[in-house]
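Below is one structure, written out as structure tokens; the observations come after it.
In our numbering, the protein residues as written are 18 to 1224.
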């Protein structure tokens, strides 16, 4: 009794593991339960379920069949076996099991659907493979059906199945053994004798029989009978009668009577081995495992028979008593050295104990005895791999494949062996074959990707070796260096040699650029630094960009013209503070740019602080009435000038601007917007651009050693990484806007950095680390900067010489903060990308969709847009990639202003999306890819980095939508299209770490097709909280949807051509509005006095607030319908088809009215249009209906879903 309780406890533990999807633990708990209670059908079933989830189909079948033996009407097991065989494309056997399940319970709707699908797939499979002989599959089918019928007690029907299998393959001994058993059960003794003789003939080597006429067989001679290795009773003896009677009882299910017969036979002849074997087998079937073991041991006391040892070993192996199993198998081969299966099983058990060397010997012996068993070669190969004997494992797997070319694991492990030997080409071929046979093998796509990558690296190294040899042969050819560096771009020695060659060739500019590239690899390399210093005497570092000097101007005339355009307000929102020292022409151009490009809705004042200029600055600037000029009594430098200007400023925001700048349109307004919309932001800076258009700075990076880095310097200013709002370490004071109250709390720029340099970095650090606020970089604010005009460029003269001194002061002041982990070392080049994004989130998620999320045009885009915002709220850095590369506005800018890094291939930037993603792989932790075609395109690229978790967002099940379209009208799509799409979507779902559906309906559909990790993230809706017009103040019917989506086109055609004519017969004044973007020609053609087609409308609220009801006459589609959710947001009652409301858990007559044909749809429209109480009821329930789709709930769900961390 205690054992039963323990078994039940183990089973309950297994069920808990199953619920939490811990498959291996489920298997372990079930195994323990079965040790304690072998006749638990539920434990066998659960073990089968878990094995199926871990791709151990063969083992799962065994446990399922055992469950059916114990519980013949176990309907779920029949259904599971059906699904398992269908997944293996063994459709006929799957159909048989589904039919058996329905025979037990005819009301299983899901099984009926599976059965229909299996029949369809079976037909397709036959048509696609009609050139292949079906004989092998047919044989297996007949044998399986025979076993099933035998288990159900239908012995005659089972015999017919086995006889048919024997005709198809007359050499198969196992088939005749089953026929022999059935003949004995049915009392067909003469027939049993014929089959016994045939078995003996086949096992004695006569394997060339093509067809056998069983009726021609005579009684076997005595010499043949004596060849049977198991001791049998003489034909007419009492023990023979008891043995046969026992078999008859056993076949009829009378186990107790059979056991009694076997015991009497043993008592009458204690050395009757056949009786011990039969009795023990029956005891095992009855769950009496200990009694069976005792029986085998009793038989062994009488005779050390190999069959007894072998059977006992099988029991010990089943209950995982490995040492005892080893001993039994060793005894088996001791007494019967030719026992092939014993050698093989000995290898299996030794492998379980990780005794790999002994396992190799056992498998080798099994192979020596029987060379045509693929499984022995497979297991031998695996054991050799565990011993790192890769070269020996390869021929073992090749032989396994030769014997069974359809087993994917052989190719998989062969590829592993090749990989270990660095034979990447052969490994790739083997992995590809494994993928072709079974695409969802564990990590196979990743391993294939890694092998491809390793081979490419091998090729690259080989190419590099040849280039290095070429350099040895011709050391003065710069082209070869460039080719070598294209492969190995971190080879500082090559950079130095190339730089030296270029310098010797009188190309100092190119030499210096080469040295600078080396410096980016190793910033502290002494050889590189010395060469740069050596060549600074003949040319400046800034020579990499040829300076542009503006044409000279007539300052007096220029100022006079400027006078009338300069803005000035007595109550400014922004105070523009410009420190100047000489360079009057630059100052005037700066002022003109302000006059030309500032937003006149923002009141500004301009303060120019003259630091004792010696040119005409004072006289000319003082003539400008729009400028507040402050003349310093003595030259005190940049910092004091800025602080002096801030002291008299009246604006809420202080905008510090160098005089060697020219702002562009929207520069000031975009800075103000950042500060005004976020209380946590203390300062914001601009994108600085050289006059040539090359990027100068996209925010600043500070390293642990206190050195500063202008992010993006001399790069493409249009590159995506430089064009989204983001928090930064600092922004240059050349164009920096600070909240005045923040500036005053910090008492301005730190004067100990006077006259200049590091004052802007210090201020930004104080804002972040003292006030706990952010400093932002806003790329929409673009400023042309003639670098060096304000303070010069030489670090040995002028103000610039203070840069090195102030760097030391800065490090001393902020040392404690700089030592924190998120301030990185400058010694690694890949740290630049990390450092530039370090304030954006704790993990990075890449999101890929076909195009920018046009949230106001279609519901799928709106859902994605809301998800992107939620991901930002969850503290992820979000990279969004539009597959089409279009920088569609205003959507791109909106995402960028949400601090989302948006990838595109337009507007001055031409790198492909895949190339951009590949360059960011080391930054990415999660990849959220929408739609099956995009997963097919990008998944392999993402899998190049194994730690990235791949999330597949279905948007909707495309194949389901296509299938429904085909069912309505075959011209919408072909059957082949939706079947192909189904295969593609299932493949992508199996390969992903997590699959997202929009409705629970689609989640269940995928789970029924064997997809494990599926979660629901629906559309997101927030109830409208404004005033709502009542029933009497509304009129008309509203439809909304994107007409790029064919189901919407079909819906409005059905609505206007079939449904509304029925409505207009009753009420001819009801108007219909077809709202939505891109109405097609056939939709536009519907326009009339009663049908309005306004197309795209930016703000749709007035339509939802004025119409009496909304309709969703969708006849096909999939996923969650945004038009339903949007109507519910505005409490606008809806009439819809069931397809339209699918997956939203809406209750008809409470949340919505439903109809699926023209007449009923028209009736529901008329009901809702005229029944005020019904209208009020549904309207009042609307917000309740979308309560589970609010942003906060979805946010929490996403938080939990994305908790898995990269491995």
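Yeah, the Cβ is synthetic: ideal placement off N, Cα and C, and Gly gets one too. Remember, predicted model here, so these are calculated numbers, not experimental data.
Within its chain, find whatever has a CB closer than 8 Å to the CB of residue 1175; leave out the 5 residues flanking it on each side and keep chain order. So the list reads 1071, 1075, 1076, 1079, once near-sequence residues are dropped.
Which one or two residues does DSSP pair with residue 1207 in a beta bridge? In the DSSP output, where bridge partners are listed per residue, residue 1207 has none listed.
Tell me whether residue 1189 is buried or exposed, calling it buried when 16 or more other Cβ atoms sit within 10 Å of its Cβ. It is exposed - the Cβ of residue 1189 has fewer than 16 other Cβ atoms within 10 Å.
Please determine whether the Cβ atom of residue 489 lies at a distance below 7 Å from any heavy atom of the ligand FMN. Among the ligands in the structure shown, none appear at all, so the ligand FMN cannot be discussed.
I'd like the list of long-range same chain contacts for residue 1015, defined as Cβ closer than 8 Å, with 5 residues on each side in sequence excluded. Apart from the 5 residues on each side of it in sequence, residue 1015 sits with its Cβ closer than 8 Å to the Cβ of 880, 971, 972, 973, 1033, 1034, 1035, 1036, 1136, 1137, 1160 in its chain, given in chain order.
Measure from the alpha carbon of residue 99 to the alpha carbon of each residue in 56, 161, 49, 38, then state which is nearest. Nearest of 56, 161, 49, 38 to residue 99, Cα basis: 161.
By a C-beta neighbour count over all protein chains shown, 10 Å radius and 16 as the cutoff for buried, is residue 106 buried or exposed? Here residue 106 is exposed, its C-beta having fewer than 16 other C-beta atoms within 10 Å.
Since residue 334 is in the alpha helix (DSSP H), which residue starts that stretch and which ends it? Start and end: 323-335.
Under three-state DSSP, which class holds residue 947? DSSP places residue 947 in strand when its eight states are reduced to three.
If you check the beta carbons only, do residue 680 and residue 638 fall under 8 Å apart? No, Cβ-Cβ distance for residue 680 and residue 638 is not below 8 Å.
How would you call residue 729, buried or exposed, if buried means at least 16 neighbouring beta carbons within 10 angstroms? Classification of residue 729: buried, given that the 10 Å Cβ count is 16 or more.
Residues bridged to residue 450 (per DSSP): Answer by DSSP bridge pairing: none, since residue 450 is not bridged.
Top-ranked residue by Cα proximity to residue 823, from 722, 839, 1021, 1061: Taking only the C-alpha atoms, the option nearest residue 823 is 722.
Do you know how far the Cα of residue 374 is from the Cα of residue 953? If you draw a straight line from the Cα of residue 953 to the Cα of residue 374, it is about 43 Å long.
Starting from residue 714, trace the beta strand (DSSP E) in both directions and tell me its first and last residue. That run of the beta strand (DSSP E) goes 712-714.
Run through DSSP, which three-state label would residue 749 get? In this structure, residue 749 counts as coil in the three-state DSSP scheme.
How about residue 425 and residue 386: are their beta carbons less than 8 Å apart? No.
Nearest-angstrom beta carbon gap, residue 352 and residue 1237 [assumed within contact, 8 Å]: Since the displayed the chain opens at 18 and closes at 1224, residue 1237 lies outside it and no answer follows.
Please work out which residues of its chain come closer than 7 Å, Cβ to Cβ, to residue 1202, disregarding the five sequence neighbours upstream and downstream, and give them in chain order. Hits under 7 Å: 1145, 1163, 1168.
Residue 1127 - DSSP class collapsed to helix/strand/coil: Three-state result, residue 1127: strand.
Residue environment, residue 103, which counts as buried when at least 16 other CB atoms sit within 10 Å: Classification of residue 103: buried, given that the 10 Å Cβ count is 16 or more.
For residue 806, the three-state DSSP class (helix, strand or coil): For residue 806, the predicted model reports a pLDDT of 45, less than 50, meaning its position is unreliable; a value from the coordinates is still stated below. Coil, per DSSP.
May I ask which residues mark the beginning and end of the alpha helix (DSSP H) holding residue 291? Following the DSSP letters along the chain, one finds residue 291 inside the alpha helix (DSSP H) bounded by residues 290-302.
Kindly provide the ranges of any alpha helix (DSSP H) runs that are 4 or more residues long and lie completely inside the stretch 1020-1073, ordered along the chain. Uninterrupted alpha helix (DSSP H) stretches at least 4 residues long and entirely within the stretch 1020-1073 occur at 1063-1071, given in chain order.
Taking the Cβ atom as the reference point for each residue, do residue 591 and residue 625 lie within a distance shorter than 8 Å? Between residue 591 and residue 625, the gap from beta carbon to beta carbon reaches 8 Å or more.
How about residue 1132 and residue 1156: are their beta carbons less than 8 Å apart? Going by C-beta atoms, residue 1132 is nearer than 8 Å to residue 1156.
How is residue 585 classed by DSSP in three states: helix, strand or coil? In this structure, residue 585 counts as coil in the three-state DSSP scheme.
Inter-stretch contact at 8 Å, needing at least 3 Cβ pairs: the stretch 508-519 / the stretch 530-539: They touch, by the three-pair rule.
Would you list the residues sitting across from residue 898 in a DSSP beta bridge? Residue pairing for residue 898: DSSP places it in a beta bridge opposite 865, 920.
DSSP has residue 719 in a bridge; who is on the other side? BP columns for residue 719 point to 725.
Is it true that the stretch 330-337 meets the stretch 355-369, where meeting means three or more beta-carbon pairs spaced less than 8 Å apart? Inter-segment contact for the stretch 330-337 and the stretch 355-369 is present: three or more beta-carbon pairs are separated by less than 8 Å.
For residue 1206 and residue 1041, what's the separation of their Cα atoms in angstroms? Taking the straight line from one Cα to the other gives about 13 Å.
Take the Cβ of residue 41 as the centre, count every other Cβ of all protein chains shown within 10 Å, and call the residue buried at 16 or more, exposed below. Result: exposed.
Determine whether the beta carbon atoms of residue 1090 and residue 1053 lie at a separation below 8 Å. For residue 1090 and residue 1053, yes; Cβs fall inside 8 Å.
What distance in whole Å lies between the Cβ atoms of residue 742 and residue 670, which are believed to be in contact at a cut-off of 8 Å? With a Cβ gap of about 17 Å, residue 670 and residue 742 do not count as contacting.
Apply the 10 Å Cβ neighbour rule to residue 789 and answer buried if 16 or more other Cβ atoms are within range, or exposed otherwise. Sixteen is the threshold: since fewer than 16 other Cβ atoms of the shown chains lie within 10 Å of the Cβ of residue 789, the residue is exposed.
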